[in-house]
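Here the sequence shown is numbered in this note's numbering, starting from 4 and rising by one per residue.
Even for Gly, the Cβ is constructed at its ideal location relative to N, Cα and C.
Small disclaimer: the values here were computed from a predicted structure and weren't measured.
These notes are about the structure you will find just below.
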Amino acid sequence: MEKEDVGLVSTGLWHTERMAQGFFIVGRVLSNKTFHPEALHSTLKSAFNPVKGMEFKMIEGNRFLLKFFHSLDRDHVIARNPWTYEKTLLILAPVNSSNNPIEIDLNHCEFHIHIPRLPLGKDD
């Protein structure tokens, strides 16, 4: 079995050459604790269960870049936000060829909260 590279890469050349060859998400773990990239990669691969596969690269600024080989795999991950890793929030954002994964704002995460029996439109 071939070991996947989860080392640190620069986003410059790698970004420009490979953006056209996949579907990308940039993310970061919202924690000051250190984490092992190999463990994060393994956990995300298991949780996301991409049909066509996924690559993982650590990039600058404590961020990671996920490459999917089919748009439905990437869209599945984004649609099911938010995600956690070791009880810590993951902030994820899609990346396209016109934006740099280092410059994408990863300081906010949208939550959808279901509140049953909430009265709406009443003037009490």
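State the start and end residues of the unbroken beta strand (DSSP E) segment that holds residue i.
{"i": "residue 60", "result": "57 to 62"}
{"i": "residue 51", "result": "From DSSP, residue 51 is part of no beta strand (DSSP E) but of the alpha helix (DSSP H) over 40 to 51."}
{"i": "residue 28", "result": "26 to 32"}
{"i": "residue 98", "result": "91 to 98"}
{"i": "residue 67", "result": "66 to 71"}
{"i": "residue 87", "result": "86 to 88"}
Please tell me whether residue i and residue j are closer than 8 Å, where the distance is taken between their beta carbons.
{"i": "residue 116", "j": "residue 81", "result": "no"}
{"i": "residue 67", "j": "residue 56", "result": "no"}
{"i": "residue 91", "j": "residue 33", "result": "yes"}
Check for me: the alpha helix (DSSP H) holding residue i runs from which residue to which?
{"i": "residue 75", "result": "74 to 82"}
With burial defined as no fewer than 16 other Cβ atoms inside 10 Å of the residue's Cβ, what is the status of residue i: buried or exposed?
{"i": "residue 96", "result": "buried"}
{"i": "residue 98", "result": "buried"}
{"i": "residue 77", "result": "buried"}
{"i": "residue 70", "result": "buried"}
{"i": "residue 119", "result": "exposed"}
{"i": "residue 85", "result": "exposed"}
{"i": "residue 114", "result": "exposed"}
{"i": "residue 93", "result": "buried"}
{"i": "residue 39", "result": "exposed"}
Suppose you measure from the CA of residue i to the CA of residue j; what does that come to, to the nearest Å?
{"i": "residue 100", "j": "residue 26", "result": "10 Å"}
{"i": "residue 31", "j": "residue 42", "result": "14 Å"}
{"i": "residue 74", "j": "residue 35", "result": "31 Å"}
{"i": "residue 105", "j": "residue 54", "result": "27 Å"}
{"i": "residue 108", "j": "residue 65", "result": "13 Å"}
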